[in-house]
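Q: According to our numbering, the sequence shown is numbered sequentially starting from 25.
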Amino acid sequence: MGDSSALLDLQEQAAETIVTHPPDPPPQRHLHRWIWFITGPTACGKTTVAKALAAELDFTFVEGDDFHPKANVDKMSRGEPLTDDDRAGWLQALREHETAQPPRPKPNDSSASPPPPLPHMVMTCSALKQHYRDVLRAGAVAAGDLRIGFVFLDGPEPLLATRAAVRKGHFAGPELVHSQFLALERPGDDEGDVILVGVDRALEDTQRDVTNKVKEVMMRDDGSYLALQ
Ligand SMILES: Nc1ncnc2c1ncn2[C@@H]1O[C@H](COP(=O)(O)OP(=O)(O)O)[C@@H](O)[C@H]1O
Ligand SMILES: O=C(O)[C@H](O)[C@@H](O)[C@H](O)[C@H](O)COP(=O)(O)O
């Protein structure tokens, strides 16, 4: 008799514990929207690599050259390098575009229409100098819930001059390459959000390396790449 009342007490205590202390819900992962800037001097492969990366991961591709005013394009078409002043408005436009993405798709949206594109973005931008990269970083900080990463496509000047020379239908010719290397501030060790990928090899190898490294960073950070698949 004494045993069964002790058991009842225990059951009541257990019931109370369940009512008053429900188990902790599984931790909610906070996913971030990502923007990847594919960077480097002219003809390093930004557009080619960024388009393929965006297609492979189902991210939105944005061509940074489209944000140049006509005066900048005309200048580069003549083989003249841009100045910091020429680039200021262009960088500002890119920075503003960091926040111009569609909202995250709702998980239970049952509408028959195709889902909106995933909110992550891949954007080309030469981003030759550290303070240009800092402008883009500041845009992400201002946006609050945004992560950005850079891929620097790394190749020697003569190789890029050759690739620029054989490239067809582009406003930037090989005469622009040298000035871009003069302006270039290679990403330093203190810029931990930059991935360096060599382009002095087959395009497929560059491409595979970029995709794997981008996925790896996103998985390590918050798993947002996999969670949106
Ligand atoms: N390993 C490589 N990585 C990147 N681009 C390469 C590679 N090999 C050849 N290319 C070529 O380099 C050329 C320049 O690429 P492009 O995307 O126009 O450069 P950017 O946008 O940086 O000016 C393209 O024709 C591209 O196919
Ligand atoms: O910072 C700059 O001087 C320009 O942005 C420059 O890098 C321009 O984008 C390329 O010279 C032409 O375009 P591609 O980089 O696509 O060749």
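Just so you know, even glycine gets a beta-carbon here, dropped at the ideal spot from N, CA and C.
Per DSSP, which one or two residues make a beta bridge with methionine 145?
A: Here the question's residue 145 lines up with position 121 in the sequence shown. Answer is Ile59 and Thr84, bridged to methionine 145.
Q: Measuring only the C-alpha atoms, how far is glutamate 199 from alanine 189?
A: Looking up residue 199 in the sequence shown gives position 175. Looking up residue 189 in the sequence shown gives position 165. So the alpha carbons of these two residues sit roughly 9 Å apart.
Q: Give the C-beta separation of valine 175 and isoleucine 59 to the nearest angstrom, bearing in mind that I take them to be a contact with Cβ-Cβ under 8 Å.
A: Position 151 of the sequence shown, counted from the start, is the residue given in the question as residue 175. Position 35 of the sequence shown, counted from the start, is the residue given in the question as residue 59. Contact flag wrong, Cβ pair sits at about 12 Å.
Q: Could you tell me the alpha carbon to alpha carbon distance between alanine 8 and aspartate 48, rounded to whole angstroms?
A: Residue 8 lies beyond the residue range present for the chain, which begins at 25 and ends at 253; the question has no answer from this structure.
Q: Span of the beta strand (DSSP E) holding glycine 222?
A: Looking up residue 222 in the sequence shown gives position 198. Unbroken beta strand (DSSP E) run through glycine 222: 218-222.
Q: Looking at C-alpha atoms only, which residue of Asp108, Lys192, Asp169 and Phe195 is the closest neighbour of alanine 151?
A: Reading the sequence shown from its first residue, position 127 is the one you call residue 151. The option with the nearest alpha carbon to alanine 151 is Asp108.
Q: Which residues count as close to ligand 1 when the rule is a CB under 5 Å from any of its heavy atoms, in chain order?
A: Listed along the chain, these residues meet the criterion: Thr66, Ala67, Cys68, Gly69, Lys70, Thr71, Thr72, Arg187, Val223, Leu227 and Thr230.
Q: Consider the C-beta atom of aspartate 89 and the heavy atoms of ligand 2; say whether any pair is separated by less than 6 Å.
A: What you label residue 89 is simply residue 65 of the sequence shown in a count that begins at 1. Aspartate 89 Cβ: within cutoff of ligand 2.
Q: Would you give the residue range spanned by the beta strand (DSSP E) that aspartate 108 belongs to?
A: Counted from its first residue, the sequence shown places residue 108 at position 84. Careful: aspartate 108 lies outside any beta strand (DSSP E), inside the alpha helix (DSSP H) at 108-121.
Q: Using 8 Å as the Cβ pair cut-off and three pairs as the minimum, do the stretch 80-95 and the stretch 152-172 touch?
A: No: fewer than three Cβ pairs fall under 8 Å.
Q: Quick check on the DSSP output: the beta strand (DSSP E) that includes phenylalanine 176 runs from which residue to which?
A: For this step, residue 176 is matched to residue 152 along the sequence shown. Here the beta strand (DSSP E) through phenylalanine 176 covers 170-178.
Q: Is the CB-CB distance between threonine 148 and alanine 74 below 7 Å?
A: Translated into the one-based positions of the sequence shown, residue 148 becomes position 124. Translated into the one-based positions of the sequence shown, residue 74 becomes position 50. Result yes, Cβ atoms of threonine 148 and alanine 74 sit closer than 7 Å.
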